[in-house]
Structures are given as structure tokens and as C-alpha cells.
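Step one of this worksheet: look at the structure below.
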Amino acid sequence: MAAKDGQKGTDLAPTKLSEVLEQKPYRFQFFQAVRLLERFLDERTPVGGYGNPSAEVVRLAVHASTQFPASEIQSLQKQETGPPRMTVNFFGLTGPVGVLPTAYTEMLAERLRSKDTTLRDFLDIFHHRILSLFYMAWRKNRAPVMFERAEKDQFSGRLMSLVGLGTRGMRNRQEIPDSAFLFYAGLLMMQTRPAAALESILRDYFGAGVEVGQFVGGWYPVSPGAQCKLGEEGYSSRLGRGAVVGDEIWDRQSRIRVKIGPLTRSHYDDFLPGGDSHRRLKAWITLFAGLECDVEVQLVLRREQVPACELSGAGGKGPRLGWTTWVNNKPFDRHPDDAVFEILRPA
Numbered sequence: 001m002a003a004k005d006g007q008k009g010t011d012l013a014p015t016k017l018s019e020v021l022e023q024k025p026y027r028f029q030f031f032q033a034v035r036l037l038e039r040f041l042d043e044r045t046p047v048g049g050y051g052n053p054s055a056e057v058v059r060l061a062v063h064a065s066t067q068f069p070a071s072e073i074q075s076l077q078k079q080e081t082g083p084p085r086m087t088v089n090f091f092g093l094t095g096p097v098g099v100l101p102t103a104y105t106e107m108l109a110e111r112l113r114s115k116d117t118t119l120r121d122f123l124d125i126f127h128h129r130i131l132s133l134f135y136m137a138w139r140k141n142r143a144p145v146m147f148e149r150a151e152k153d154q155f156s157g158r159l160m161s162l163v164g165l166g167t168r169g170m171r172n173r174q175e176i177p178d179s180a181f182l183f184y185a186g187l188l189m190m191q192t193r194p195a196a197a198l199e200s201i202l203r204d205y206f207g208a209g210v211e212v213g214q215f216v217g218g219w220y221p222v223s224p225g226a227q228c229k230l231g232e233e234g235y236s237s238r239l240g241r242g243a244v245v246g247d248e249i250w251d252r253q254s255r256i257r258v259k260i261g262p263l264t265r266s267h268y269d270d271f272l273p274g275g276d277s278h279r280r281l282k283a284w285i286t287l288f289a290g291l292e293c294d295v296e297v298q299l300v301l302r303r304e305q306v307p308a309c310e311l312s313g314a315g316g317k318g319p320r321l322g323w324t325t326w327v328n329n330k331p332f333d334r335h336p337d338d339a340v341f342e343i344l345r346p347a
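Going by UniProt numbering, the sequence shown opens with residue 1, and the numbers climb by one from there.
Okay, here's the thing in C-alpha cells:
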């Protein structure tokens, strides 16, 4: 129903929780009730701002009674125009715990019995502002409440600083949303980065099985100046000291392998180079492992989803040698894990 000023009444979203809040508000605490209203009516202004109170999510009032309150919230009533009206049993000028003498509450109750709401409406102007500021003081020191409203809070800024992304120039530059870094801040802020922590992050973020293999080893080129050459003097030409046969050396400690799976076919393809999960995986590994070691990825596909080998595929999804191509004449008795590729190799 539209009002004369063009405003419309506000209906709560048709969810089970909102129905319970509307029908049995006394089951909720004041702070949680206002918090839920701000979630359900997110198109309206949060309480405690400097705008028009009629545009806020709820209108706050105090119950005019001297009876002992059984709950923090007395009622929550929908209005034909504007936000719903919440009547509480605490923190008011009048009411069961009001700061004014009891005579004012009795006088107010007597006027209400005579259908005269003038004094109540006048006092509720102050009640609304007082209760709004009370809620704001509670919300200010509750990091989850500030975060869910996408407001700038000091706690999130401090967590980002611990992760190493505290300055503005470091924000929103990754393939991963900054909110994910806040969630895993406890692991990212560790001075030493164990493989178990990387496993935990990737397993939880991607929702797949992850194993991090250490000391995988790999062949690395030897620079021409460090190669052993006959007739030259130097450390690289001393037998038993620095002499190495060939132009490559096996290094066990400079490479790790991240094994992911078993995966469905769609998730498997997404982890291959060019996929969204591949880019996010690379961002996570770069942030966590840094540039200290090479990282290769081993993908495991569910055996029941191994595709048939076809020379062409619709929509550009043909076979990719070494990654999505298997030649078989019977069902696999294992999950194929042949796809291994390098995802990070610092220069």
C-alpha cells in the first residue's frame, strides 16, 4: 500500500527465519533481530545513520509498561508505510527499566488506554535514536557483523596486513577475492609455510582432495660457467668437489607436487591450463609458496568419467595429448593420474 509521500510498506523476505522473526520476535535477542532485519531488508538504510529515519530497516520504540519483561523484544509489527516497528522492553526513558520516574510510565500507559499516542510517539523519537546508537556500538566491535555488510572495518584491515596485503595497492589484484585471504589469514600469516597448511587451504577452497608431495626432485640446467670442462681450472673441474658430468643436475629439494582429485570431468578440465580453477590455483600457490621452489600439478580424473578418445570435439573440446587423452579398450580399474604439468617455475 502506497503512502501519501510515495513510500511503500516493507515486507520481509519470504524465508523461514524471517517468518519466525515476524511471528515470534520474543525468541530473538535485540541485537540479533536488528542484524537479521538489516540482512533481510538490505535495500533499506541501516539503523543509526544520518539520513531519514523512515528509510531505515526498522523503527525502534520502548514498551510502556511497568511489568517485569519476559524478553528483550515485546513485538515486531509490519506497517502499511515505512519500515516495521520493533518495541523493546529495555534501555528507554520509560518502561520497566526506564530512567525516568515510574510516574511517567504510568501517565503514558493511561494516555494509551485513552487512545492518545502523542506522548509515546514523542518519546519514541528519542528512543529510536538511543537504541540505534546502542546497536551501532555493539556492531562496531563485531567483525563478522561489519564484514557481512561489506563495510570497512579495522579488524579486516589488520588481518590483511598480517597476510601481507594491507596497503591499497595490494588489494583486489589476485584471481582470488580478498575475502578468501581473510578466511585463511591464520595459515597465511605463518612465518614458516608447511605443506600441511597448503593442503588445508586448497582442499577447503576447491572442495577436492589435495596432497602436497615434497622433495619431488627435477632436472635443472647448469650454467655454462659452472659446467666441468677438461683443461680448465676451477671449482667445477675438481673431482669429488664440484665436478658434474653433463649440463643438468638433479635437485631433490627445489620442487613440490600438488596432487588434486579424484575430480569430475568438468572440474578436471577447469584445472587444466586456461581454466578458472587453474588461475586461482596458481594464485594460491604463488601467494603461499612464493618464489622459493618449482611447483607442478598432478590431476586425477574419476575413472568412470574417462572420455573416449576422439580425433575432434564439438565446441573446441577435442583431445589434449597428455591431459585428456587415453587409449583403452576396457574400463579403467584406477583413477588416471597421468596429467602432470608445471604451474610455477621462478626464473
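Each residue gets a CB set at the ideal place from its N, CA and C atoms; glycine is no exception.
CA-to-CA, the gap between Lys24 and Tyr184 works out to about 37 Å. Between Ile73 and Phe134, the C-beta gap is not smaller than 8 Å, which leaves the two residues out of contact.
C-alpha of Val306 to C-alpha of Tyr220: approximately 33 Å in a straight line. Secondary-structure assignment with DSSP links Pro221 through a beta bridge to Glu248. Burial state of Thr102 is exposed, judged by a 10 Å Cβ sphere holding fewer than 16 other Cβ atoms.
At a cut-off of 3 residues, the continuous stretches assigned as beta strand (DSSP E) that sit fully inside the segment 270 to 338 are 294 to 301. Bounds of the alpha helix (DSSP H) holding Gln23 are Lys16 to Gln23. Linking Arg345 to Ile249 through their CA atoms gives a straight-line distance of about 16 Å. Distance between Val34 and Arg203, taken at the CA atoms: about 35 Å. Taking a cut-off of 8 Å on C-beta distances, the segment 319 to 330 does not touch the segment 274 to 289, as fewer than three cross pairs fall below it. In the displayed model, Thr87 falls within a strand according to three-state DSSP. The beta carbon of Glu106 lies closer than 6 Å to none in the same chain, with the five residues before and after it left out. In the DSSP assignment, Ile176 falls outside any alpha helix (DSSP H) and carries neither an H nor an E. Look at Leu202 here: in three-state DSSP terms it is helix.
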